[in-house]
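These notes are about the structure you will find just below.
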């Protein structure tokens, strides 16, 4: 059973607020990811990290930022939320090795609604 | 460029019927291939994965997938669908430690 957690599960906030979506994993995985997914749509990679102090932008441009100060923790922050940020945000983690099983384990997601 | 395609956006089957969801990939070398399932409002759960060896892979919940190099396909199958299988299914590929490439997903509806 994968151990990756996201909080909050649901968040409704007003425009202009600063928010942080939390993601933690207890599997000791080096790589972590954030995906954005609109309902019934495909996943878009917005950020990923190879390990502590590593952050990279994904395929989809995002106004959010991430940090990786601890291996197990990969929070995502929006400095000023807008209605266009309304979406589901999925966090995932995996081992880093090239040739081993590098399947991604996903958290339950945070559904964000910005009014 | 690496890509994963799922030709069917939405499939409807009757409960008890067999199921096949299609996935095609485009990679320079044989990628690692995965099938995930996502129930509404949830994260993705891994159904099965293929790395090498036997081209017929067994997964959880009675699912299996067959890797066919000649067709660049990795189709997901289940002999008898249950109502609880209604969900979104994503095929994904990965090569050389690179990030996953996900297909657009196939939504499965199950009729009683």
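Protein chains in written order, with our numbering: chain A, 134 to 248; chain B, 137 to 248. Even glycine gets a Cβ: it sits at the ideal position worked out from N, Cα and C.
- request: Compare the Cα-Cα distances from residue 230 of chain B to each of B:148, B:161, B:151, B:152 and report the closest residue.
  value: Taking the second chain and counting its residues from 1, the one referred to as residue 230 of chain B is at position 94. Ranking B:148, B:161, B:151, B:152 by Cα distance to residue 230 of chain B puts B:161 first.
field: residue 153 of chain A and residue 209 of chain A closer than 8 angstroms at C-beta
entry: As a first step, residue 153 of chain A is located in the first chain; it is residue number 20 there, counting from the start. As a first step, residue 209 of chain A is located in the first chain; it is residue number 76 there, counting from the start. Yes, the pair counts as a contact, with Cβ atoms nearer than the cut-off.
- prompt: Expressed to the nearest angstrom, what Euclidean distance is found between the alpha-carbon atoms of residue 187 of chain B and residue 196 of chain B?
  reply: Position 51 of the second chain, counted from the first residue, corresponds to residue 187 of chain B. Position 60 of the second chain, counted from the first residue, corresponds to residue 196 of chain B. C-alpha separation (whole angstroms): 17 angstroms.
query: In the structure shown, what three-state DSSP assignment does residue 220 of chain B receive?
result: As a working mapping, residue 220 of chain B is identified with position 84 in the second chain. Three-state result, residue 220 of chain B: helix.
field: Beta carbon of residue 177 of chain B nearer than 8 angstroms to that of residue 175 of chain A
entry: As a working mapping, residue 177 of chain B is identified with position 41 in the second chain. As a working mapping, residue 175 of chain A is identified with position 42 in the first chain. Their beta carbons are not under 8 angstroms apart, which means residue 177 of chain B does not touch residue 175 of chain A by this criterion.
- prompt: Counting Cβ pairs closer than 8 angstroms, one from the stretch 153-167 of chain A and one from the stretch 176-193 of chain A, do we hit at least three?
  reply: yes
task: Confirm, please, whether the CB-CB distance from residue 155 of chain B to residue 144 of chain B is below 8 angstroms.
output: Locating residue 144 of chain B in the second chain gives position 8, counting from the first residue. Locating residue 155 of chain B in the second chain gives position 19, counting from the first residue. No, they are not a contact pair.
Same chain, Cβ closer than 8 angstroms to residue 239 of chain A, five either side skipped, listed in chain order: For the purposes of this step, residue 239 of chain A is taken as residue 106 along the first chain, with counting starting at 1. Cβ neighbours of residue 239 of chain A beyond the five flanking positions: 135, 137, 223, 224, 225.
query: Any idea if residue 190 of chain A is buried or exposed, counting beta-carbon neighbours within 10 angstroms, 16 or more meaning buried?
result: Against the first chain, residue 190 of chain A aligns to sequence position 57. Exposed: under 16 other Cβ atoms inside 10 Å.
- request: Check the Cβ-Cβ distances between residue 243 of chain B and every residue of chain A, and say whether any is below 8 angstroms.
  value: Position 107 of the second chain, counted from the start, is the residue given in the question as residue 243 of chain B. Residue 243 of chain B counts as touching chain A.
- request: Give the straight-line distance between the Cα atoms of residue 139 of chain A and residue 225 of chain B, rounded to the nearest whole angstrom.
  value: In the first chain, residue 139 of chain A corresponds to position 6, counting from 1. In the second chain, residue 225 of chain B corresponds to position 89, counting from 1. Computed Cα separation, rounded: 21 angstroms.
message: Quick check on residue 196 of chain B: does DSSP put it in helix, strand or coil?
response: Counted from its first residue, the second chain places residue 196 of chain B at position 60. If DSSP states are grouped into helix, strand and coil, residue 196 of chain B belongs with the helices.
field: Other residues of its chain near residue 139 of chain B: CB distance less than 6 angstroms, five sequence neighbours each side excluded
entry: Taking the second chain and counting its residues from 1, the one referred to as residue 139 of chain B is at position 3. These residues qualify, in order along the chain: 162.
message: Going by DSSP in three states, residue 157 of chain A sits in which element: helix, strand or coil?
response: Mapped onto the first chain, residue 157 of chain A falls at position 24. Strand at residue 157 of chain A.
- request: Counting only the same chain and skipping the five closest in sequence on each side, list residues whose C-beta sits under 6 angstroms from that of residue 170 of chain B.
  value: Against the second chain, residue 170 of chain B aligns to sequence position 34. Once the five neighbours on either side are set aside, the close Cβ partners of residue 170 of chain B are 185, 228.
task: On a CA-only basis, which of B:235, B:165, B:218, B:239 is nearest residue 152 of chain B? Give me that one, please.
output: Counting from 1 along the second chain, the entry for residue 152 of chain B is found at position 16. Looking at the Cα atoms, B:218 is the closest of the given residues.
task: Would you list, in chain order, the members of the stretch 177-189 of chain B that have their beta-carbon closer than 9 angstroms to a beta-carbon of chain A?
output: 177, 178, 179, 180, 181, 182, 185, 187
field: Supposed contact pair residue 213 of chain B and residue 201 of chain B - C-beta distance, whole angstroms, cut 8 angstroms
entry: Taking the first residue of the second chain as 1, we reach residue 201 of chain B at position 65. Taking the first residue of the second chain as 1, we reach residue 213 of chain B at position 77. Sure, about 7 angstroms apart at Cβ, within 8 angstroms.
task: Report yes if the C-beta of residue 173 of chain B is less than 7 angstroms from at least one heavy atom of the ligand FMN; otherwise report no.
output: The ligand FMN is not part of the structure shown, which contains no ligands of any sort.
message: Could you compute how far the alpha carbon of residue 145 of chain A sits from the alpha carbon of residue 155 of chain A?
response: Residue numbering aside, residue 145 of chain A sits at position 12 when the first chain is read from its first letter. Residue numbering aside, residue 155 of chain A sits at position 22 when the first chain is read from its first letter. Distance between the alpha carbons of residue 145 of chain A and residue 155 of chain A is about 15 angstroms.
- prompt: Which one of A:158, A:169, A:245, A:142 has the shortest CA to CA distance from residue 192 of chain A?
  reply: Numbered from its first residue, the first chain carries residue 192 of chain A at position 59. Among A:158, A:169, A:245, A:142, the Cα nearest to that of residue 192 of chain A belongs to A:169.
Members of the stretch 188-204 of chain B that neighbour chain D once the beta carbon cut-off is set at 9 angstroms: Included in the structure are the protein chains A and B, with no chain D among them.
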